[in-house]
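These protein sequences, in sequence, are chains A and B. Under the numbering used here, think of the first position of the first sequence as 1, with each following residue one higher. Under the numbering used here, think of the first position of the second sequence as 314, with each following residue one higher. Step one of this worksheet: look at the structure below.
Number of protein chains: 2
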Amino acid sequence: MHCLKLSLAVFLSIAVDISTNAQSAAKSLTEQLGYPPNAKLLIVHADDLGVTHSVNAASIKALESGSVNSASIMVPCPWFPEIADYAKSHPEMDFGLHLTLTSERIYIRWGPVASADKVRSLLDENSYFHHDWTPATKIDPHEVEIELRAQIERAYAMGVRPTHLDSHQYRLESTGKELFEVALRLAHEYKLPFFVTRDWFADFPYLEKSLGPEDVVIDHTITIEPTVLPAKWPDFYRNAIRNMQPGVNELVIHLAYDDAEMHAATRERDTWGAAWRQRDFDFFTGPDFRKLLQDQQITLVTWRQIANRTQHK
Amino acid sequence: MHCLKLSLAVFLSIAVDISTNAQSAAKSLTEQLGYPPNAKLLIVHADDLGVTHSVNAASIKALESGSVNSASIMVPCPWFPEIADYAKSHPEMDFGLHLTLTSERIYIRWGPVASADKVRSLLDENSYFHHDWTPATKIDPHEVEIELRAQIERAYAMGVRPTHLDSHQYRLESTGKELFEVALRLAHEYKLPFFVTRDWFADFPYLEKSLGPEDVVIDHTITIEPTVLPAKWPDFYRNAIRNMQPGVNELVIHLAYDDAEMHAATRERDTWGAAWRQRDFDFFTGPDFRKLLQDQQITLVTWRQIANRTQHK
């Protein structure tokens, strides 16, 4: 009897373990974060920190106001030292690295962190990152890895403790399996989640194939597009928030002030320009946004929470 | 008799040649420029173009107002493309290259144009140019030459046609004979005058020793120093202009607006900071300066005139 009771206890214990594991294997990212499956979770994420002082100042202001709760930093850019200094002295903030391989402006430009001779396929004839990638631009994945490792190493060396990685202009997700796997390899090496959403799986099937069971997949992402007229900016965001799906969502925004510096930096085109970024700043630091989140019962989450979620999936 | 006349003509011709050469060998730079020996000539020269948009915008405004008539550009800096584009479309302007080997700010920084691995002695642990040079900083003159050639080549490639070369923070004049001779070698190679003034000969005797007969020597230079109180700024410049000596003078000034970008870029110290540069801008674009030049019978000259002066010295 004693023996039977023990055996039963062991059996029950094993059964519970199996059951727990079976359940948790199916756990969504939302559940792993400790929320019910139908919760609406949101990362409000500012991109491009480090490009200009204007971007840094507006993004810091928005982060400190509490509505924007995550951001990522471009290490090769001139104002990286300013935001690195801020990140170092605000370790509670949710800063990732916005891995950068292009220099898409005209009047302000940047080049590699790695030694130029080691990453020539990433550079134009003046040793800046290419303005854009065309089918004729032959990017060497090995050089991408060298450059991205140099960016991550400089960030750590200057006191940034990133909570995640993502990719400027989505180059690492949208250019092919090889570059995506470079990003994943670095994410694994540095034990940082890399931003991928299942919204992209249809267009880029290699994403899902390359991902392993330990990789994070954000359920949905929202970002405003050039087709939205400036006057319709608040409407776009209000609708996006009202229609937000359950799961983990990332709202990707671009903050700056429409000041002399930002105007000059982006004056060759309106897209993601100074006025665009001021509109984003105005909406996300205004009263509408916070109230909408409350009305829609949307909960803000960070990449730090995602990185630190239970590993018992 | 015929023969004698010919011989006399030849003799006279030779004598005139010798006499002209003997006279012109003693010609001052002022005379080479076509002015009487006691003329007061002045280059009003703005430094540091390319560092920020604020520096570019204020310097362009001052150049276009006509009081400031020369400037030099820092090729490794983030806003170099903006000023290169302006220089390319304003070939009449007097732009030099402000050869740069340091990155002396904290919140905005820059690194080499050359491949980092080829110029390691110039770089700190994060691959920016050193913040400062101390006796412990071992600068390799060969690497200086590699980097400076890369800066000059990028400038030409992006459409700048420099009229002269000078040196950011006077590093190339004040660090020793070896670096000065690198600068001279490049000046000769690119057939550009390099800014040296005889005011520095006492402190750096190697300057005079290294200079050849073809090299330009500016008679005097004037620049404001941190010891001048902000309220005394106009007095300093008024006195400097009233006391200006005959010969070719270069007034080295630093222009920018005291705006958000410039304030952020220079906020760690007041010297050569945003307010400093706004004071320079206000004085040199104000009415006092032009009137003073007239009253003192000072004539503005450019580096282009110096570069194109008669070679029959």
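Glycine included, C-beta positions come from ideal geometry on N, C-alpha and C.
Taking all protein chains shown into account, decide if residue 607/B is buried (16 or more other Cβ within 10 angstroms of its Cβ) or exposed. exposed
Residue 82/A versus chain B: which residues are under 7 Å apart at the beta carbon? 420, 421, 577
Among 528/B, 471/B, 622/B, 570/B, whose alpha-carbon lies nearest the alpha-carbon of residue 370/B? 570/B
Across which residues does DSSP place residue 479/B in a beta bridge pair? 411/B
Apply the 10 Å Cβ neighbour rule to residue 621/B and answer buried if 16 or more other Cβ atoms are within range, or exposed otherwise. exposed
Against chain A, does residue 336/B count as a neighbour if the rule is that its beta carbon must be under 9 Å from one of theirs? Residue confidence is low: residue 336/B scores 44 on pLDDT, short of 50, so the model does not pin down where it sits. Its coordinate-derived value is still stated next. No - not a single Cβ of chain A is within 9 Å of the one on residue 336/B.
Identify the continuous beta strand (DSSP E) that holds residue 249/A and give its terminal residues. 247-253
If I'm right that residue 211/A touches residue 200/A with Cβ under 8 Å, what's the distance once you round it to whole angstroms? The beta-carbon distance between residue 211/A and residue 200/A, rounded to whole angstroms, is 11 Å. This is too long to meet the 8 Å contact definition.
So does the stretch 76-87 of chain A actually touch the stretch 274-290 of chain A, counting three or more Cβ pairs closer than 8 Å? In short, these stretches do not touch, since the Cβ pair count stays below three.
Give me the chain B residues within the contact set of residue 117/A, using Cβ-Cβ distance strictly less than 8 Å, ordered along the chain. 428, 430, 431
Opposite residue 385/B in the DSSP bridges: which residues? 409/B
Going along the chain, which residues of the stretch 265-291 of chain A sit with their C-beta nearer than 9 Å to a C-beta in chain B? Those would be 265, in chain order.
Between the C-alpha atoms of residue 132/A and residue 342/B, what's the straight-line distance to the nearest angstrom? Using only the alpha carbons, I get a separation of about 49 Å.
Could you compute how far the alpha carbon of residue 31/A sits from the alpha carbon of residue 583/B? 53 Å
What do you reckon, are the CB atoms on residue 73/A and residue 193/A nearer than 9 Å? no
Taking just the CA atoms, how far does residue 159/A sit from residue 516/B? 41 Å
Could you work out which residues of chain B lie near residue 233/A, taking near to mean beta carbons separated by less than 8 Å? What residue 233/A touches in chain B: nothing, since even the nearest Cβ is about 23 Å away.
Considering only residues of the stretch 118-203 of chain A, which uninterrupted beta strand (DSSP E) runs meet the minimum length of 3 residues and lie entirely inside it, listed in chain order? 165-167
For residue 40/A, does the three-state DSSP call read helix, strand or coil? strand
Nearest-angstrom Cα distance between residue 298/A and residue 67/A? 12 Å
Whole-number beta carbon distance between residue 618/B and residue 346/B, since they are thought to touch under 8 Å: 6 Å
Helix or strand or just coil, what does DSSP make of residue 90/A? coil
Please state whether the Cβ-Cβ distance between residue 532/B and residue 565/B is less than 9 Å. no
Which term fits residue 6/A, buried or exposed, when burial requires 16 or more other beta carbons within 10 angstroms of its beta carbon? Because residue 6/A sits at a pLDDT of 41, beneath the cut-off of 50, its placement in the model cannot be relied upon, and the following sentence gives the value as read from the coordinates. Looking at its Cβ environment, which holds fewer than 16 other Cβ atoms inside 10 Å, residue 6/A is exposed.
What are the residues of the stretch 54-69 of chain A that lie near chain B, defined by any Cβ-Cβ distance shorter than 9 Å? 54, 56, 57
If we ignore side chains and look at the alpha-carbon of each, how far apart do residue 188/A and residue 477/B end up? 51 Å
Pull up the distance between the alpha-carbon of residue 62/A and that of residue 281/A, whole angstroms please. 7 Å
Cβ neighbours of residue 181/A in the same chain (closer than 7 Å, five flanking residues each side left out): 210
Best match in 461/B, 577/B, 534/B for proximity to residue 429/B [C-alpha to C-alpha]: 461/B
Burial state of residue 334/B (16 or more Cβ within 10 Å): Note that residue 334/B scores a pLDDT of 42, beneath 50, so its modelled location is shaky and nothing firm can be said.
From the beta carbon of residue 162/A, is the nearest beta carbon of chain B less than 9 Å away? no
Check whether the stretch 402-420 of chain B touches the stretch 113-127 of chain A, taking contact to mean three or more Cβ pairs, one atom from each stretch, closer than 8 Å. With a cut-off of 8 Å, the stretch 113-127 of chain A and the stretch 402-420 of chain B do not count as touching, because too few Cβ pairs lie within range.
Take the Cβ of residue 231/A as the centre, count every other Cβ of all protein chains shown within 10 Å, and call the residue buried at 16 or more, exposed below. exposed
Using the rule of at least 16 other Cβ atoms within 10 Å of the residue's Cβ for burial, across every protein chain shown, is residue 504/B buried or exposed? exposed
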